[in-house]
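Undergrad:
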Amino acid sequence: MEFARMSWKEIKALDKNTIFFITVGSIEAHGPHLPIATDFLIAKKIEEEMVKKFNGISLPSLPYTKCHYLENFAGTVSFPANILKNSLVAIMKSLGRQGFKYLVICNFHMDLFHLRAIYKAIAKGRRYGMTACEPISAAYFNKKIFEDIEGEMHADEKETSIALYLFPDLVKNYETLKPFKVNIGIKNSLRKFDKIGAENAYIGSPSNATKEKGKKYFEALLKACEEGIENIMNGKIDMPEKLKIFLRI
C-alpha cells in the first residue's frame, strides 16, 4: 500500500507495528550502458517485493543523495549527505510521533558518504522511538550477495546483470564494452572516478553480464533484505565493519 494514496484516517488506523519502507537514491552516471537511476531502480524493485511480503506501507521515495565518486559526470545529481540524513530523521520523527516503530530503508547505492548519512539517521531516529535498518549494505560488504569477482565495482558485471533481469529495455550496448579495472585500495578509496581513469563511469566487465546472473543476484538481495527486517523486529542492527571504520574518520 502506498502512503501517499492513503487518507490521514486510514494511516491513523494502521497497526503501530506496521513496517514502513522508503527507497533512497541515487541519480548518478552508470557507464554508457545503464540509466542514471540504476541504483534507485534496483532498490525500488526490492522495496516493492518487501512491501508485498510484509504487508508494509511504501513511503514516497528520496531519489537524490550524495554521489561523491561520480559527481563530475553528466547526469549525476549530487546532494550534500546531510540533506538525506535530515530528511530521514524528519520522517522518523513524524512517524514516531504517530506511534509507529519500524522503518526499512531500501538502498543499493554504496557510496560511503551516503551510507554514513543513512546510519547517522538510523541512530538519531531511535530518539523518536523508531527502529530502522538499511539491510543491503551490511550484506553487500559482508559478501553475502555477490561472489568476490575481482575488479567488479560499478556499472559492472553484477549491476548490469541485475539491470538485464529487472529492466532490460534500459540497458544499451553493454556487450561491446571492454573491461576496465583499477586497484581500489586505501589510496584510491575516496578518489573520484575521473581521477582514477574510469572515464566511462564504470569499473568492471559489464560485457560479462547475463540475465540469469541478474536473477540470482536479485534473489540474494531479497533474501538479505528479509533477514534485515527480521533482525530489526528482534532488536538486532547489523552495521558493516567497513562503515564502522569510516564513521570514525
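Using numbering that gives the first Met the number 0, you'd call the opening residue of the sequence shown number 0 and step up by one each time. Glycine included, every Cβ here is placed at the ideal spot set by N, Cα and C. Keep in mind the model is a prediction, meaning the values are calculated, not measured.
What are the start and end residues of the beta strand (DSSP E) that includes residue 50?
TA: Unbroken run through residue 50 is the alpha helix (DSSP H), 37–53; no beta strand (DSSP E).
Undergrad: Within 10 angstroms of the Cβ of residue 248, are there 16 or more other Cβ atoms? Answer buried if so, exposed if not.
TA: Reliability of the predicted coordinates at residue 248 is poor, the pLDDT of 47 falling under 50, and the value obtained from them is presented with this limitation in mind. Exposed, by the Cβ-count rule.
Undergrad: For residue 105 versus residue 22, is the C-beta spacing smaller than 8 Å?
TA: Their beta carbons are under 8 Å apart, which means residue 105 touches residue 22 by this criterion.
Undergrad: Please report the straight-line C-alpha distance between residue 109 and residue 134, rounded to a whole angstrom.
TA: Rounded to the nearest angstrom, the two C-alpha atoms are 12 Å apart.
Undergrad: Could you tell me the distance, in whole angstroms, from the CA atom of residue 11 to the CA atom of residue 53?
TA: So the alpha carbons of these two residues sit roughly 19 Å apart.
Undergrad: What whole-angstrom Cβ distance do residue 213 and residue 165 have, given they're in contact under 8 Å?
TA: Right, the Cβ-Cβ distance comes to about 7 Å (below 8 Å), so this counts as a contact.
Undergrad: For residue 148, count neighbouring C-beta atoms within 10 Å of its own C-beta (all shown protein chains included) and say buried if the count is 16 or more, exposed if not.
TA: Label assigned to residue 148: exposed.
Undergrad: Can you grab the Cα-Cα spacing for the pair residue 153 / residue 44, in whole Å?
TA: Approximately 19 Å between the Cα atoms of the pair.
Undergrad: Straight-line CA distance for residue 204 to residue 157?
TA: Their Cα atoms are separated by approximately 9 Å.
Undergrad: Which residues does DSSP pair with residue 107 in a beta bridge?
TA: BP columns for residue 107 are empty, so no partner.
Undergrad: Is it the case that the Cβ atoms of residue 176 and residue 170 are separated by a distance below 8 Å?
TA: No. Outside cutoff.
Undergrad: Within 10 angstroms of the Cβ of residue 38, are there 16 or more other Cβ atoms? Answer buried if so, exposed if not.
TA: Residue 38 comes out buried.
Undergrad: May I ask whether a heavy atom of the ligand COA can be found less than 7 Å away from the beta carbon of residue 147?
TA: Looking for the ligand COA in the displayed structure turns up nothing, as the structure carries no ligands at all.
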